[in-house]
Amino acid sequence: MEKIIELRNVNKFFTIGGGFFNPKKTLKVLENLNLSIRRGEILCLVGESGCGKTTTGKLIAGLIRPTSGEILFYGKDIWKMDKSEFKNYRRSVQIVHQDPYSSLNPVKTIYDTLSAPLLKHHIVSSNGQCEEKISELLEIVGLTPVEDFIYKYPHQLSGGQRQRVVIARALTLNPELIVADEAVSMLDVSIRLSIIRLLLSLKENFNMTFLFITHDLAMAKYFGWNGRIAVMYLGRIVEMGPTPKVLENPLHPYTKALLLAVPEADPEITRNKKVMELKSLDLPSLLNLPPGCRFSNRCPYMEPGKCDRIEPNLYEVEKEHYVACELYGRGV
Amino acid sequence: MESILKIEDLYIDYRVRRGLVKAVRGVSLEVYKGETLAIIGESGSGKTTLGLSIIKLLPSSARISQGKIWYQADGKKYEVVSLDGGKLRKFRWKEIAMVFQSALNAFNPVIRIWDHIVDTIDSHDVKITKEELRTKVLELLRLVQLDPDRVLRSYPHELSGGMRQRVLIALALLLDPNIIILDEPTTALDILSQRSIIELLKKIKKELNLTIILISHDLSLAAELADRVAVMYAGSLVEVGSVYDIFYRPLHPYTLGLIKAVPTVSTSFRELISIPGSPPDLIDLPPGCKFHPRCEYKKEECLREEPKLIGVFPNHYVACYRWEKIKDGKNN
Amino acid sequence: MDKKLRKFNLFFSSLKDTFRLLKRNKIGFIGFLILIFIILMSFIGPYIVPFDTTSRLDKIYVKPSWEHPLGTDSQGRDILIQIIHGGRDVLIVAFLTGLLSTLIAVTFGSLSAFIGGRLDYLITSLADIVLTIPHFPLLSVLAAFIRLKSSFMIAFILALLSWPGLLRAVRAQVLSIKERDFIEAARALDLGTSYIVFSEILPNMMNYIVISFILSMTSAVYAQVGLILLGLVPLASHNWGVMINFAWTRGAIFYKNSIFYILSPIIAISLFQWSLISFTRSLEEIFNPRLGQGV
């Protein structure tokens with residue numbers, strides 16, 4: 001399977017401050033990120049807020065530029081492409097946002113929202129064709145009967161319905177990769193699964209590639225079971241591999257801590273889980289990272305002299321299963 | 333088990349432009365001293381409205397059209413719906429305290445935490461000296477595992493989401509209430525922060541012997557902390573029982589649907605089943621059982637008259653005509 | 665065909681809804697009615713009631729009576745008729761100024777905010793410079809070089825001076841809207857800068873733009889009257905501003921009967937301003953529900 005997207009040594013820094021009383025500081029949101037996504041696969045990107053997963057999603061969707069490093073689309077650096085290549089790339093990668101209430105233009109009907117890209121990019125050439133295509137899209141996302149939705153405004157739809165419209169919009173240009181950034185987090189529990197189902201059907205029927213960004217490990221497990229998962233912490237990937245391997249045999253202490261910390265909807269399990277005690281409850285600020293491994297100040301397995309000096313790279317511990325931890329440094 | 337709170341046949345409406353929102357419809361519920369009760373429901377279920385009514389903090393557009401709420405503890409007895417003015421002030425925060433849903437935005441961003449605490453106390457008619465207050469605050473902050481020196485001097489934005497939530501919990505405990513209500517305490521938080529709040533609540537439950545009412549859409553929160561669970565749908569209770577009854581022997585199709593639709597991390601991969609349709613419009617409710625449009629077990633009687641909450645097993649109540657079918661169904 | 669019918673029906677029902685919302689705010693509705701009245705009076709009135717410019721020296725400063733409801737001026741001419749005729753120029757200049765300055769401010773303010781970078785820097789600097797120029801001294805200088813005769817000319821000059829304030833406000837709004845998710849989605853869909861700015865962002869600001877347009881009309885009225893009073897505009901036509909000027913220079917404030925000469929145009933102008941401002945209240949009612957801020 002070819003690589004549709006590849007990130008090489010990507011850094012994304014923000015500078016803040018810079019006034020008279022506020023010395024300039026660099027916020028290293030992403031550092032030395034290396035990642036690839038293969039055509040047709042599901043890659044889940046999990047982590048807590050501030051880990052950089054949303055920034056990664058936006059970089060892949062070409063909505064922001066990296067400070068340094070390359071973002072390759074089928075091997076070509078997107079920021080070095082010529083106009084038509086970039087146009088093609090742009091259409092191939094679409095994004096589905098978290099908040100169904102702000103991801104649709106409130107003053108436009110569903111028809112207006114969906115027709116804009118269809119007409120702009122000449123996918124349809126008449127209003128009649130446009131309506132046909134829109135009906136087709138609405139059927140794919142399960143908003144039937146189509147007449148009930150096509151001329152409505154976003155505020156007349158429920159959260160789940162809006163999210164389906166957002167997905168339909170993402171499909172208008174026939175993309176190859178969809179970046180789903182917390183696509184179901186703001187929906188009711190009983191609606192989430194139906195949207196996830198829809199996304200899975202897109203994978204089945206259109207060979208759609210997904211970058212599924214979430215902080216919900218359980219949902220990532222369900223959605224990405226046949227794919228891969230990458231765990232991020234403070235701007236770096238700390239563990240990556242096939243989902244069953246990473247979740248059933250977590251190697252990085254942070255991954256282990258997360259898995260043990262997730263509250264489960266099952267009283268027996270959850271009351272008998274042994275929680276991993278972390279040395280500090282709080283996430284260090286990106287402006288004030290601990291030396292060496294970023295997780296070292298909270299890690300119960302931290303080895304002084306090693307973990308607080310070396311910033312670990314991703315080591316391949318078993319086939320396709322990578323972990324950025326010095327405990328595996330020598331290779332297991 | 334001694335009853336500390338008794339809600340009798342409560343009806344609450346909201347007047348909005350489009351019509352009358354029937355947010356709470358005929359809820360009767362008993363809360364026992366020292367227990368942790370979770371009220372589970374999705375958006376539009378009425379759970380937040382119910383929670384706000386217990387402490388009589390409903391917005392002005394809301395109206396309790398019928399029903400009573402009895403509070404009984406330490407020899408005192410209050411009927412909450414009829415409380416007003418001075419009596420209400422004595423009741424709130426001292427007998428029952430609440431930690432709100434948008435808690436993280438509940439702070440005045442331009443004053444320090446200590447000043448915020450002092451302001452809150454001042455508005456509650458309490459005779460307490462600054463020294464007594466300080467001692468109590470220090471004690472509570474240590475209970476919630478916060479460093480008092482750091483926290484009291486800080487502004488809200490200098491603290492993380494998890495820390496602010498802890499401050500609010502400490503604030504709620506300031507006047508030694510008998511009941512504490514928490515509305516979506518872990519919703520906006522990361523996994524590790526959620527875990528720390530859950531562990532904190534477990535600790536408080538053990539050390540202070542409080543009665544805790546949790547309001548949430550998150551089943552896993554109930555699984556972690558609750559002794560009993562009350563499931564709400566479209567303004568009324570559909571099932572009430574012990575946490576084990578609800579999770580392992582659910583009797584209502586909605587409860588069963590929720591459990592089957594929520595993924596877990598620790599168990600082996602299992603296929604999930606979604607609940608079709610979406611929650612009803614509270615202004616324009618369907619006839620009969622409000623869940624029937626989404627229910628696979630429905631029969632003719634379900635469309636005619638709304639089922640009442642009846643006790644079918646000891647301490648296990650359900651509002652469904654088909655409960656026996658569901659009881660057998662789960663074991664398949 | 666069915667779609668055309670549906671759109672027609674939607675349009676009509678939205679007109680009905682709009683009217684209903686208009687009536688919701690009592691003050692706004694009254695403002696609206698007065699505004700319509702003044703507009704009709706100023707544009708249709710003159711055709712119904714011709715203006716007789718001959719002086720009647722036997723009728724100077726006559727008290728209000730049935731024949732002359734507002735009395736007469738220093739040359740014996742009926743004041744009410746002058747009021748009816750005097751609104752047109754004022755309204756036209758106000759409208760044109762508002763239109764021009766709003767067009768400039770909205771177009772450049774939104775492009776500046778969306779595109780950012782050097783264009784933004786350039787435009788905001790330009791706006792800052794124009795903002796700091798004191799209007800009336802500049803106008804006095806200009807009056808020496810340009811004959812501010814036509815309404816369009818006056819409107820043009822006033823618009824050139826008033827766009828910066830509105831531009832900054834529009835820019836601030838666009839800066840916040842452009843961060844919203846649906847704009848990011850539009851960028852991902854490669855819909856193009858001009859489409860995004862004019863078809864996605866601006867429709868979300870319609871209430872703001874329309875209300876700003878109306879308020880800029882009110883400042884244009886004041887600016888205009890100021891210009892006339894300062895003698896920077898040739899007093900060729902008869903309008904409310906000119907009436908005030910004449911009344912002032914002819915000492916109308918000193919006589920009991922002549923007070924109507926100076927009060928009438930002032931009240932007419934004030935009433936127009938008030939009706940505009942009150943109307944914006946109704947507009948707020950109308951625009952808000954459209955944005956779906958209901959239940």
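Quick mapping for you: the protein sequence lines, in order, are chains Y, Z and C.
Mapping of the first sequence onto the numbering used here: residues 1 to 332, in sequence order.
Mapping of the second sequence onto the numbering used here: residues 333 to 664, in sequence order.
Mapping of the third sequence onto the numbering used here: residues 665 to 959, in sequence order.
Virtual Cβ for every residue (Gly too), placed ideally from N, Cα, C.
None of the values given here were measured: they were computed from a predicted structure.
Using a CB distance below 8 Å, no part of the segment 69-96 of chain Y faces chain Z. One finds nothing in chain C with a Cβ atom closer than 8 Å to the Cβ of Y/L137; even the nearest lies about 13 Å away.
The continuous beta strand (DSSP E) containing Z/I339 extends over residues S335 to V348. Taking the Cβ atoms as the reference, Y/W79 lies roughly 12 Å from Y/R90, outside the contact range of under 8 Å. Sequence-ordered contacts of the segment 206-230 of chain Y with chain Z read H215, L217, A218, M219, K221, Y222 and W225 [C-beta pairs closer than 7 Å].
By the neighbour-count criterion, in which a residue is buried when 16 or more other Cβ atoms sit within 10 angstroms of its Cβ, Z/K354 is buried.
Following the DSSP letters along the chain, one finds Y/D181 inside the beta strand (DSSP E) bounded by residues L177 to D181.
With contacts defined as CB atoms closer than 7 Å, Z/Y346 and Z/S392 fail to qualify as a contacting pair. Contact check between the segment 538-553 of chain Z and the segment 409-427 of chain Z: fewer than three CB pairs, one atom from each, fall below 8 Å, which does not count as touching. From the listed residues Y/K108, Y/Q156, Y/L171 and Y/H122, the smallest Cα separation to Y/L138 is found for Y/L171. In the three-state reduction of the DSSP assignment, Z/P517 falls in the coil class. Taking the beta carbon of C/F846 as reference, the chain Y residues within 7 Å of it are S102, S103, L104 and N105, listed in sequence order. Using a Cβ-Cβ cut-off of 7 Å, Y/L143 does not count as an interface residue toward chain C, since no Cβ of chain C sits closer than that to its own. Put simply, the CB of Y/T54 is far from chain Z, with every gap to its CB atoms at 7 Å or more.
The beta carbon of Y/L63 sits closer than 7 Å to some beta carbon of chain C.
Residue-level contact by beta carbon fails for Y/K12 and chain C, as no gap is shorter than 7 Å. Within the segment 16-77 of chain Y, the runs of beta strand (DSSP E) at least 3 residues long that lie entirely inside it are, in chain order, 25-38, 42-46 and 68-73. For Z/F601, the nearest CB of chain Y lies under 7 Å from its own CB, placing it at the interface with that chain.
Annotation: the continuous beta strand (DSSP E) that includes Z/H648 extends over H648 to V650. Taking a cut-off of 8 Å on C-beta distances, the segment 476-484 of chain Z does not touch the segment 507-522 of chain Z, as fewer than three cross pairs fall below it.
For the set Z/G567, Z/G589, Z/V570 and Z/V561, the Cα lying nearest the Cα of Z/Y576 is the one of Z/V561. Interface criterion met: the Cβ of C/L855 is under 7 Å from a Cβ in chain Y. For chain Z, the residues of the segment 281-314 of chain Y that bring a beta carbon within less than 8 Å of one of its beta carbons are L281, D282 and L283, in chain order. Only S158 and G160 from the segment 142-174 of chain Y bring a Cβ to less than 7 Å from some Cβ of chain Z. By the neighbour-count criterion, in which 16 or more other beta carbons inside 10 Å mark a residue as buried, Y/V262 falls on the buried side. In the DSSP secondary-structure assignment, Y/R228 is bridged to Y/L43 and Y/P242. Note that the C-beta distance between C/S922 and C/Y725 is below 7 Å.
Contact annotation: Z/L342 and Z/V363 have beta-carbon atoms that are not nearer than 7 Å. Proximity of Y/S201 to chain Z, defined by a Cβ-Cβ separation below 7 Å, is not satisfied.
Nearest neighbour of C/A911 by Cα position, chosen from C/Y925, C/T682, C/Y919 and C/K920, turns out to be C/Y925. Residue range K408 to E411 is occupied by the beta strand (DSSP E) that includes Z/K409. Going by DSSP, Y/T214 is part of the beta strand (DSSP E) stretching over T209 to T214. Listed in chain order, the beta strand (DSSP E) runs fully inside the segment 362-400 of chain Z are 368-372, counting runs of at least 3 residues.
Within the segment 268-281 of chain Y, contact with chain Z at the beta-carbon level (separation under 9 Å) is assigned to E268, I269, T270, R271, K273, V275, L278 and L281. Taking 7 Å as the cut-off between beta carbons, the residues of the segment 862-878 of chain C near chain Y are E864, P867 and N868, in sequence order. By the beta-carbon neighbour count (other beta carbons within 10 angstroms, threshold 16), Y/D216 is buried.
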